[in-house]
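Following: one structure in structure tokens, then a few remarks.
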DNA sequence: AACTTTGTTTAGTAAGTTCTAAACGCACAA
DNA sequence: TTGTGCGTTTAGAACTTACTAAACAAAGTT
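Protein chains in written order, with this note's numbering: chain A, 356 to 531; chain B, 356 to 531.
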């Protein structure tokens, strides 16, 4: 193996760390995924400690978060008490899983409160005729429609069995 | 105007604050947008202070951030030294603007470093034959392909003149 | 000129996050 | 039982961020 390979890997790991941070995740998650993604073999928690420089505790937490996102998978070898981890290589599959998990999130609770606002406004509008109320109703309805469209889109994607390049290209051709 | 309208508005404002926070923006941005969105008339900075409870400084900063995202627009009245702000009501238009602005972001610098990794690996592969190097090359290439697909998709959306419900529905029918 | 009215900038604070270091719990081994 | 190797949990340190309060700058008014 060429000796100058190590700095290249390091740069890659750094890059994924930054991406992870950008999306609001800890940098350690990006780093861990990068190390696993570049490894031909499953890695133990201690391997990850050695290759990332983070402590066991941090790795333990981040690797669990990654597993929840289905970006890494936990393996066990018979007769070996260690856990081993591998990176998911099908990014479309991972995207789908993440989109699916979205429902339980804080985000959905937030947009639920918008929907609540809408129903309350409708109730008020049924009781009394009022110009401002009508205005509010239209506005909140428009926002709700937008959220619904987004939701329809993402859940349609999440439902796809085989999201992949072909699908993306088909969509791209529509958008032309 | 019905008296019980105020708590409904408050709940809506709260909801958008949470959404804002979820997407990694300050809660004040969500609150300010919500107040503007529910207002039939443009509001001054002091109006926003009164209706959100944040201080002038905070509002000044957040409203500028919102304007950069084209989610609110600044207006001036002749003979009035105050600035007035209105909410953008075309969310598809705003989405497009946001997607366009993405290019200059930290995110793009990050995925550039992945692209760098790839070219470096290719250079190394040209110089020497090596099994692990080949493995790395394939993996990084696959990730790059995924990023490129995402990039093609978002920039195609950003380029659309009239992203809207009809377009979304057309895409949805494809994904069936 | 001096005073008002506006928006912006800055110093400092409070709160939330990510990480480390170390204690802990658990399962297996001797 | 005691010891060992593993992952998890916890207390706290270092850092980041959003916000307040107050000084400041710019422009209009008197």
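Positions of the beta carbon are idealized from the N, C-alpha and C atoms, including for glycine.
Here the structure is a predicted model, which means the values were calculated and not measured.
- For residue 456 of chain B, not one C-beta of chain A is nearer than 8 Å to its own C-beta.
- Fully enclosed beta strand (DSSP E) runs of no fewer than 3 residues occupy 427-431, 438-442 of the segment 423-502 of chain B, in order along the chain.
- Any Cβ of chain B closer than 8 Å to the Cβ of residue 369 of chain A would place that residue at the interface, and such an atom is present.
- Fewer than three pairs of CB atoms, one per stretch, sit closer than 8 Å, so the segment 516-527 of chain A makes no contact with the segment 495-507 of chain A.
- Inter-segment contact for the segment 440-449 of chain A and the segment 383-395 of chain A is present: three or more beta-carbon pairs are separated by less than 8 Å.
- Of the residues A/405, A/486, A/457, A/462, the one whose Cα lies closest to the Cα of residue 425 of chain A is A/457.
- A check of alpha carbon separations from residue 411 of chain A across A/399, A/391, A/421 identifies A/399 as the nearest.
- Taking each of A/365, A/360, A/372 in turn and checking the Cα distance to residue 461 of chain B, the smallest one comes out for A/372.
- Per the coordinates, the alpha-carbon of residue 470 of chain B lies some 15 Å from the alpha-carbon of residue 480 of chain B.
- Contact between residue 375 of chain B and residue 409 of chain B does not hold, since their C-beta atoms are separated by about 13 Å, which reaches or exceeds 8 Å.
- Interface flag for residue 399 of chain B against chain A is unset, since no Cβ pair is found closer than 8 Å.
- Chain order gives no chain B residues near residue 440 of chain A, where near means a beta carbon separation below 9 Å; the closest approach is about 15 Å.
- Leaving aside the five residues that flank residue 449 of chain B on each side, the residues in its chain whose CB is nearer than 6 Å to its CB run, in chain order, 425, 426, 443.
- Residue 406 of chain A sits buried, since 16 or more C-beta atoms from the chains shown fall within 10 Å of its C-beta.
- With its beta carbon less than 8 Å from one in chain A, residue 526 of chain B belongs to the interface.
- Looking at A/521, A/506, A/484, A/468, the one whose alpha-carbon comes closest to that of residue 455 of chain A is A/506.
- Using a Cβ-Cβ cut-off of 9 Å, residue 490 of chain B is close to 393, 395 of chain A, given in chain order.
- At least one C-beta of chain B is nearer than 8 Å to the C-beta of residue 471 of chain A.
- When DSSP reads this structure, residue 398 of chain B sits in a beta bridge with B/440.
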